[in-house]
Amino acid sequence: MELASKYNPADVEGKWYQYWLDNHLFSSKPDSREPYTIVIPPPNVTGVLHMGHMLNNTIQDILVRRARMEGKNACWVPGTDHASIATEAKVVNKLAAQGIKKTDLTRDEFLKHAWEWTDEHGGIILKQLRKLGASCDWDRTAFTMDEKRSESVIKVFVDLYNKGLIYRGVRMVNWDPKALTALSDEEVIYKEEHGKLYYLRYKVEGDAEGRYAVVATTRPETIMGDTAMCINPNDPKNAWLKGKKVIVPLVNRVIPVIEDDYVDIEFGTGCLKVTPAHDVNDYMLGEKYNLPSIDIFNDNGTLSEAAGMYIGMDRFDVRKQIEKDLEAAGLLEKTEAYTNKVGYSERTNVVIEPKLSMQWFLKMQHFADMALPPVMNDELKFYPAKYKNTYRHWMENIKDWCISRQLWWGHRIPAYFLPEGGYVVAATPEEALAKAKEKTGNAALTMEDLRQDEDCLDTWFSSWLWPISLFDGINNPGNEEIKYYYPTSDLVTGPDIIFFWVARMIMAGYEYEGQMPFKNVYFTGIVRDKLGRKMSKSLGNSPDPLELIDKYGADGVRMGMMLSAPAGNDILFDDALCEQGRNFCNKIWNAFRLIKGWTNAEGSIPVPEDAHLAVQWFEQRLDAASVEMADLFSKYRLSEALMLVYKLFWDEFSSYLLEIVKPAYGQPINGFIYSMVINCFERLLELLHPFMPFITEELWQQLRQREPGASLMVTRLSETFEVNEKFLQEFEVAKEIISNIRSIRLQKNIAMKEQLRLQVIGNHPVEKLNPVIMKMCNLSSIMVVYNKAEGAASFMIGTTEFAVPLIDMLDIDAEINRLLAELKHKESFLQGIVKKLSNEKFVNNAPAAVIELERKKQADAESIIKSLKESLTILLKR
1 MELASKYNPA DVEGKWYQYW LDNHLFSSKP DSREPYTIVI PPPNVTGVLH
51 MGHMLNNTIQ DILVRRARME GKNACWVPGT DHASIATEAK VVNKLAAQGI
101 KKTDLTRDEF LKHAWEWTDE HGGIILKQLR KLGASCDWDR TAFTMDEKRS
151 ESVIKVFVDL YNKGLIYRGV RMVNWDPKAL TALSDEEVIY KEEHGKLYYL
201 RYKVEGDAEG RYAVVATTRP ETIMGDTAMC INPNDPKNAW LKGKKVIVPL
251 VNRVIPVIED DYVDIEFGTG CLKVTPAHDV NDYMLGEKYN LPSIDIFNDN
301 GTLSEAAGMY IGMDRFDVRK QIEKDLEAAG LLEKTEAYTN KVGYSERTNV
351 VIEPKLSMQW FLKMQHFADM ALPPVMNDEL KFYPAKYKNT YRHWMENIKD
401 WCISRQLWWG HRIPAYFLPE GGYVVAATPE EALAKAKEKT GNAALTMEDL
451 RQDEDCLDTW FSSWLWPISL FDGINNPGNE EIKYYYPTSD LVTGPDIIFF
501 WVARMIMAGY EYEGQMPFKN VYFTGIVRDK LGRKMSKSLG NSPDPLELID
551 KYGADGVRMG MMLSAPAGND ILFDDALCEQ GRNFCNKIWN AFRLIKGWTN
601 AEGSIPVPED AHLAVQWFEQ RLDAASVEMA DLFSKYRLSE ALMLVYKLFW
651 DEFSSYLLEI VKPAYGQPIN GFIYSMVINC FERLLELLHP FMPFITEELW
701 QQLRQREPGA SLMVTRLSET FEVNEKFLQE FEVAKEIISN IRSIRLQKNI
751 AMKEQLRLQV IGNHPVEKLN PVIMKMCNLS SIMVVYNKAE GAASFMIGTT
801 EFAVPLIDML DIDAEINRLL AELKHKESFL QGIVKKLSNE KFVNNAPAAV
851 IELERKKQAD AESIIKSLKE SLTILLKR
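Last residue of the sequence shown: 878 in the UniProt record's numbering, with the numbers rising by one and none dropped.
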């Protein structure tokens, strides 16, 4: 078959991916082999492939493909996440474009639209992953809201409620005024903002002198919710306020002055306004001192009737207006620039509003107690290990998890309210009705009498069960698959969801399976552009992954991602890395074309000694690299593993082995050598396959006649290695000799076709490799001598001197002119150094290290000048 002169990924990638699918090479069923399991971090069902997905899934695919080739039963389970907030927002926007409001629809009508959206967009990202080469078991594709997963979620909610770990109550929550739902603490991102500190005057009630206390606040719009002022009892400057009452500016409500050492004496004026409904710390003060709470905000961030002023205005518009009104009323002492951290919703990027709300919570201390020790004891390993401290800090400061969301898209909370008050929790409406009858003693109750909670569960409440629910371990505990595949082997994810997801999966694993959900967690870094900026749509600095694949090929892009992706460190991505990957594909392709272009002479010509030594050496290099690669994989140093095989192919296989064994133009190659080269190439393809699956499969299939259905991806990697370190070290010396001789050719402008001689002064350290050195350097002889030839170019390797006689090879006049020019340059350089060192001012004032450096430069220059003069003397005698 005629090979194309250039590798074209488009001719190869679709063909082999379909072949792998047709031969069910990604599928896994429990058997007697050791399992290797990865569950995909489920991307949002409405999402499309971005650079973070590319990195994460490339790493997973590398690990899975490597495990397959180690003979393990590799199972990579794909799936998507229903993403409550993001998906509901997209459906609401789509309906708005059609003139339909969510409030115009019933819950069932809205969910019909949401399922239509999901069915239309849900599979896009998984189809895109196929372009990358992801070898998932697609028959196992799951969705966090499919039947099995939904049943699992409801079952767990009921179980945890029955265990007393889920409760319902009014608490301060993070409220998203755009998505109109509560968020967990982990869904709030704090950003530094340049705002103002407003100093407000609170007049003291009944004070004959008309005195006032000054409060510094960043949120003057919340004064309508003030129910107290707080001072530190140990603050002498505010002691005069003890026992007094003050009047809230503009609002004219009289509020008490309370005392608590929570107040920072040094911040602002030492007076704190207390707004229990709108600040988590104020809420705690309100609970402690039994203060009333006034919720002044509507759910959408506008001011409510309870505010009594600015009703219906947006909170930030109120901030601008109230500053003017306070100033006009003489109640604004001053403002000053102030920088502080403001919480934003991770989902909608709007400023969150602390808000009192009736929500469902999960008690977390029980789970933290189980999930912290195994990570700290390295039973469950983090790569890199630095994330253990992040994990520990969160676990040791755990707060209860707000698990309810004010959304319709998601798993509806299985709580049913009774007509006379109270509620029951049950997995199905039928069970709820039976429980309701039992609880109320009213046998006449019907389903119509019960009202199911309108809220749905936080999306993470389904994904924390992912490693268990994918194998139906909640609904069918101890089934064959959960026993075989669980715990899974590796989790590959970003450190930004260590709390949302990683920690919670560990908690669920110990709660429901009594053991960890995975053995290792590999944390990827954040993909940034070459300027170090995080890639995002808004910055316009994130390339389209599919366009990259079209341009450079999937293998090129995978290599580009991995060359810049050390575990846990941010990835500075540059298209040039993908170009390097594409160039490497062409290098592999051209090496294959070269080998296949040779005529195999079978056994009719003798085995050349240089070629025989070379294949022996390269087999040893392959064994050594295989051992090193296994070690790098065990430490999840995947970038280094790729670089190892990259250099092995480029620097050693192509630059040395192929050059040594290559027959003279038009001549055949010895059959034994040819078969050995084919074997070496095949082993290289095996090592490269997890990183670059498409080109390696294409060339592996063309290398020999294969059985139908055969594939490189299920070929066992070699496991027995014999590494002769002494021989490898000797070959490194030979390579150093070759490199030095080539440098001499370059410096002296001697063409490769001109034969040279090599002299070894004293003992030859690698005499048995002379055939290799002679072939690679085009030498006529290598001789051991006691004195080198006059005018020879020489170099040292260890304690041995090597010399290349040059007199016969040189254009004497040209070489004399070159040496004279170099001598003139060096003498001028030396004069400058001597002049500097003769300057007393310089010598007396310069640091000792600087003077030492100048003296070293002087000594080096004098040595080179001496050598140049010796060479000139020899040449001028000719």
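Each residue gets a CB set at the ideal place from its N, CA and C atoms; glycine is no exception.
If you're wondering where the values come from, they're calculated on a predicted model, not measured in any experiment.
When you compare only the Cα positions, how much space is there between residue i and residue j?
| i | j | result |
| --- | --- | --- |
| E513 | I468 | 8 Å |
| L594 | W617 | 20 Å |
| C456 | A89 | 15 Å |
| L728 | K381 | 35 Å |
| T428 | E640 | 53 Å |
| S463 | V677 | 49 Å |
| Y674 | L613 | 13 Å |
| W138 | P668 | 48 Å |
| L450 | L433 | 8 Å |
| A328 | N232 | 30 Å |
| L531 | E192 | 21 Å |
| L356 | E205 | 29 Å |
| D570 | M69 | 29 Å |
| V280 | E287 | 11 Å |
| I526 | Y391 | 18 Å |
| E686 | M629 | 12 Å |
| Y486 | E34 | 12 Å |
| residue 884 | N845 | Coverage of the chain is limited to positions 1 through 878, which leaves residue 884 absent and any answer about it impossible. |
| V521 | T141 | 22 Å |
| H366 | K244 | 44 Å |
What three-state label does DSSP hand residue i in the structure shown?
| i | result |
| --- | --- |
| R171 | strand |
| A444 | coil |
| F382 | strand |
| A134 | coil |
| V723 | coil |
| F110 | helix |
| T218 | coil |
| G195 | strand |
| R140 | helix |
| E323 | helix |
| Y262 | coil |
| T181 | strand |
| N520 | strand |
| A426 | coil |
| Y212 | strand |
| V661 | helix |
| L331 | coil |
| D496 | helix |
| I125 | helix |
Per the DSSP calculation, residue i is bridged to which residue(s)?
| i | result |
| --- | --- |
| E353 | W175 |
| G343 | Y190 |
| Q729 | Q729 is not bridged to any residue. |
| C230 | I258 and L272 |
| S404 | L457 |
| T103 | DSSP output for T103 lists no bridge partner at all. |
| E336 | L197 |
| R451 | F417 |
| R528 | K534 and L572 |
Are the C-beta atoms of residue i and some chain D residue less than 8 Å apart?
| i | result |
| --- | --- |
| L728 | This model lacks chain D altogether, as it is built from one protein chain only. |
**Report entry** Every unbroken beta strand (DSSP E) inside the stretch 29-101 [3 residues or more]
**Finding:** Whole beta strand (DSSP E) segments, 3+ residues: 35-39 and 73-77.
Query raised in the report: Quick check: the stretch 498-515 against the stretch 56-64, are there 3 or more CB pairs under 8 Å?
Result: The stretch 498-515 makes no contact with the stretch 56-64, as fewer than three CB pairs between them are under 8 Å.
Query raised in the report: Would the stretch 44-64 and the stretch 125-132 be scored as touching if the rule is three or more Cβ pairs under 8 Å?
Result: With a cut-off of 8 Å, the stretch 125-132 and the stretch 44-64 count as touching, because enough Cβ pairs lie within range.
Query - Continuous beta strand (DSSP E) assignments of at least 3 residues falling wholly in the stretch 548-625 - result: Residue ranges of uninterrupted beta strand (DSSP E) with 3 or more members, entirely inside the stretch 548-625 and ordered along the chain, are 571-573.
Requested in this report: Run through the stretch 787-858 for me and flag every whole alpha helix (DSSP H) of 4 or more residues, listed as ranges in chain order.
Outcome: Taken in chain order, the unbroken stretches of alpha helix (DSSP H) that lie wholly in the stretch 787-858 and span 4 residues or more are 812-838 and 840-845.
Query raised in the report: Quick one: any contact between the stretch 553-563 and the stretch 676-695, if contact means 3 or more CB pairs under 8 Å?
Result: Cβ pair count under 8 Å is three or more, so yes.
Query raised in the report: Which ranges would you report for the beta strand (DSSP E) in the stretch 731-785 if only whole runs of at least 3 residues count?
Result: 756-761 and 779-785, all fully within the stretch 731-785.
Report task. Please determine if the stretch 228-240 and the stretch 188-201 are in contact, where contact requires at least 3 C-beta pairs separated by less than 8 Å. Result -> Segment contact: the stretch 228-240 against the stretch 188-201, fewer than three CB-CB distances shorter than 8 Å; contact not assigned.
**Report entry** Inter-stretch contact (C-beta, 8 Å, three-pair minimum) for the stretch 67-76 and the stretch 23-38
**Finding:** The stretch 67-76 makes contact with the stretch 23-38: 3 or more CB pairs, one atom from each, lie closer than 8 Å.
Query raised in the report: Touch check for the stretch 582-602 and the stretch 643-660: three-plus C-beta pairs under 8 Å?
Result: Contact between the stretch 582-602 and the stretch 643-660 is present: 3 or more CB-CB pairs across the two stretches fall below 8 Å.
Query raised in the report: Pairing CB atoms from the stretch 350-368 with CB atoms from the stretch 205-223, are three or more of them under 8 Å?
Result: Result no; under three Cβ-Cβ pairs closer than 8 Å.
Query raised in the report: Is the stretch 388-404 close to the stretch 414-423, with three or more CB pairs under 8 Å?
Result: The stretch 388-404 makes no contact with the stretch 414-423, as fewer than three CB pairs between them are under 8 Å.
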